[in-house]
Every structure is written in structure tokens, then in C-alpha cells.
Amino acid sequence: MKCGADGRIGDRSRKRLRPIDKGDRSGWGNSGRTAENSKTFASLVTLDINGKPTSFAANSATYGSGYFLLRLDVGDSGAVVSASTGFSSNCSKHITNCPTGTIALTSNGAPLARGSLALNSQGFAEDQSISPGNYSISAAYPGDFSYGPSSGTANFTIGKAPTTIIAGPLRLPVQYGNTQQIEGTVMTASDGVAHTGTFVFLVDGVQVAGPVPISQSIPYSPSISPPYAWAVASTATTFLSVGQHTLSAQYSGDSNYAAATGTDSIAVTPAVTVIELGCS
Numbered sequence: 256m257k258c259g260a261d262g263r264i265g266d267r268s269r270k271r272l273r274p275i276d277k278g279d280r281s282g283w284g285n286s287g288r289t290a291e292n293s294k295t296f297a298s299l300v301t302l303d304i305n306g307k308p309t310s311f312a313a314n315s316a317t318y319g320s321g322y323f324l325l326r327l328d329v330g331d332s333g334a335v336v337s338a339s340t341g342f343s344s345n346c347s348k349h350i351t352n353c354p355t356g357t358i359a360l361t362s363n364g365a366p367l368a369r370g371s372l373a374l375n376s377q378g379f380a381e382d383q384s385i386s387p388g389n390y391s392i393s394a395a396y397p398g399d400f401s402y403g404p405s406s407g408t409a410n411f412t413i414g415k416a417p418t419t420i421i422a423g424p425l426r427l428p429v430q431y432g433n434t435q436q437i438e439g440t441v442m443t444a445s446d447g448v449a450h451t452g453t454f455v456f457l458v459d460g461v462q463v464a465g466p467v468p469i470s471q472s473i474p475y476s477p478s479i480s481p482p483y484a485w486a487v488a489s490t491a492t493t494f495l496s497v498g499q500h501t502l503s504a505q506y507s508g509d510s511n512y513a514a515a516t517g518t519d520s521i522a523v524t525p526a527v528t529v530i531e532l533g534c535s
């Protein structure tokens, strides 16, 4: 989802910006040049369905909801981040030029988002490719011509996308003694990747098949309706008693999607007897 939540307030024109200093700008070693102290912030930003921020410093979000992103901001020594109003700095107020360059990014000591993100012209970077897990973010900014180095941290959790399972026979009626195709479908409201995992099928609490691999899995696809990720698995079983039976389909879940179970009540009817009459 496109995010316009940059936390910037006021006139966005870039006129009459005050440089950080007016000394010789030939490089770090020149005594006439002093870099401004900087601050780096890492934040989980959550949004509503219309893309309006609900928090600029959230502690958790759900994978595939499309309504969150990791944001990295770099500003002057007086910069702040408010959970309700977002990032504020001399750069965001157009008083000074914005920091430039890249931010090294790790989580739990391992590189995240290919290891670094480039700051845009407004001095921030965003990443939406965050999978479920517990994150301990460390963002390190090395500095540039006008701003010194700084670092920031954040801790948050991205939960797995919830799933709903639909279980049922592929065809009706279900007759005693006949081999019957049964199916489990994973439904979500996720704009994430395709599902992986397996199904286990049970009749009246007794396992009749599984683990059965997913046979078809579709990621979020805006061109179809509904566009959300879904998957299906099927197998065959034989019902050996007439009457009502409960079919259960248990989805294992995967690294992005939560496990879930769906049930269906099936009426098994007596087998149809066919009598063939011959001539003697």
C-alpha cells in the first residue's frame, strides 16, 4: 500500500533553505567545516484501510494486512518522533537541508532489507517487506557532508496472518461405501505471498488422510476478485456408515500464515443399489 504518512507539517516548498554551516565544504578534514549532530529513528508505522497512520511508533502489526511499514528517519539533534504526529526535524520543517546517504539495517544481529536502505530527498526511508517474527532493529547512519553519524533502535512484533479454513466434499450426495473427494481451502484477507504447508483430514475426530500437501496456492493478486491469497488441498476417503459425520480439515500454517481448522457436517446416505434385469 502506498503510504503518504511522512509526518511532515507545513509548506512543502524547498525555498530558502538554511545550510548547516557556511564554512569550507571541501571535506571532513577541513577545520572550517563542522558537521551537525544527527539523530536516527527506527519506527513501525501502522495505518488504517485508507492509508492514514494510526501510530508512528507501534509495537505490533499483522503480516499481509498491507497496513504497516518500517520507517527510518534521520534528523538534526533536536529531531523527535511522536506516536501520534510522527517525525519532526529542521529538515521536515524545511529549515535546513535533509540528511543524505544510506542507513545500515540489522535485526537481531542479522542484515535486514538487504542490509541497508537509501534515504530519500526528505531524509527518510521505508520498507514494507517484513515477514512475521520478533524484531530488534538497529539502524546505523554513517553521516554525510552536513550531518554526523548516529544510530537508533526499535523493537516490535509482526504476527502471522490469520486464516479461515473451509472443509467439505467436492460433490454431493455423499453415499455409503463410495470413494469421496474431500477438500480443504485456506482463505485469508492477506495481501501476502502464496501459502505453503499441509492439511490433515479427519472424520469424526479420526484421521483419514494426511499430511496432504497443498495442490494450488495463489498469492495476493489485484487482478482477481477477491484478490487475497488462498490455497487448497484435496484427498479421497470412504464413508463406511450412514448418517451425519463431521469432516475436519486442519491446516498446518507456515512462516507467514497461522494454522487453523475448519469443519463441515456431512450427511452420508445409503448406497444406491442398481438391479440389472436380464432376459433368459
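Mapping to the working numbering: the sequence shown position 90 is 345, numbers consecutive.
Idealized CB from N, CA, C, for every residue including glycine.
Predicted, not measured: the structure shown is a model, and the values here were computed from it.
7 Å Cβ shell around residue i - same chain, five flanking residues per side excluded
i: Lys277; result: Confidence is the limiting factor: at Lys277 the pLDDT is only 39, short of 50, which leaves the residue's position unreliable, though a coordinate-based value still follows. So the list is empty, once near-sequence residues are dropped.
i: Val336; result: Phe296, Ser298, Phe311, Ala312, Asp328 and Phe342
i: Leu372; result: Leu327, Thr357, Ile358, Leu360, Ala380 and Asp382
i: Ser281; result: Because Ser281 carries a pLDDT of 34, less than 50, the predicted location of this residue cannot be relied on, and the following value inherits that uncertainty. Nothing meets the Cβ criterion.
i: Ala514; result: Tyr506, Ser507 and Gly508
Minimum C-alpha distance to residue i - residue among the options
i: Arg426; options: Glu438, Asp459 and Gly432; result: Glu438
i: Asn292; options: Asp446, Pro397 and Gly452; result: Pro397
i: Tyr402; options: Pro424, Ile358, Thr434 and Ala422; result: Ile358
i: Met442; options: Gly517, Ala526 and Ser371; result: Gly517
i: Gly330; options: Gly356, Ile392 and Thr492; result: Gly356
i: Val300; options: Ala409, Ser520 and Ile420; result: Ala409
i: His349; options: Thr340, Ser376, Ser362 and Leu360; result: Ser376
i: Leu457; options: Thr492, Pro354, Ser503 and Ser470; result: Ser503
i: Ser339; options: Pro354, Gly321 and Lys307; result: Lys307
i: Ala484; options: Pro466, Leu302 and Gly321; result: Gly321
i: Ala290; options: Tyr512, Ala486 and Asp399; result: Asp399
i: Ser520; options: Asp459, Ile479, Val463 and Ser478; result: Asp459
i: Thr317; options: Thr528, Tyr512, Val527 and Gly465; result: Tyr512
Cut-off 8 Å between Cβ atoms - residues of its own chain near residue i, not counting five sequence neighbours on either side
i: Val523; result: Val429, Gln430, Tyr431, Phe494, Ser496, Val497, Gly498, Gln499 and His500
i: Ser489; result: Leu425, Gln436, Ile437, Glu438, Gly439, Val467 and Ser470
i: Val527; result: Gln430
Three-state secondary structure assigned by DSSP to residue i
i: Leu457; result: strand
i: Val497; result: coil
i: Gln505; result: strand
i: Ile385; result: coil
i: Thr289; result: coil
i: Gln471; result: strand
i: Lys348; result: coil
i: Ser401; result: coil
i: Leu425; result: coil
i: Ala444; result: coil
i: Ile479; result: coil
i: Phe411; result: strand
i: Tyr431; result: coil
i: Ser298; result: strand
Whole-number beta carbon distance between residue j and residue i, since they are thought to touch under 8 Å
i: Phe411; j: Asn345; result: That pair is no contact at about 27 Å.
i: Ala491; j: Thr434; result: 5 Å
i: Ser507; j: Thr453; result: 5 Å
i: Ala242; j: His450; result: Summary: the structure shown does not reach residue 242, with the chain confined to residues 256 through 535, and so no result is reported for it.
i: Gly319; j: Asp446; result: 5 Å
Own chain partners of residue i with C-beta closer than 6 Å, once the 5 adjacent residues on each side are dropped
i: Gly407; result: Thr295, Phe296, Ala297 and Ala394
- Query: Counting Cβ pairs closer than 8 Å, one from the segment 464-481 and one from the segment 414-432, do we hit at least three?
  - Reply: Contact between the segment 464-481 and the segment 414-432 is absent, because fewer than three Cβ pairs lie under 8 Å.
### Message
If contact is defined by three or more beta carbon pairs under 8 Å, each pair taking one atom from either stretch, is the segment 315-335 in contact with the segment 367-380?
### Response
Short answer: they touch.
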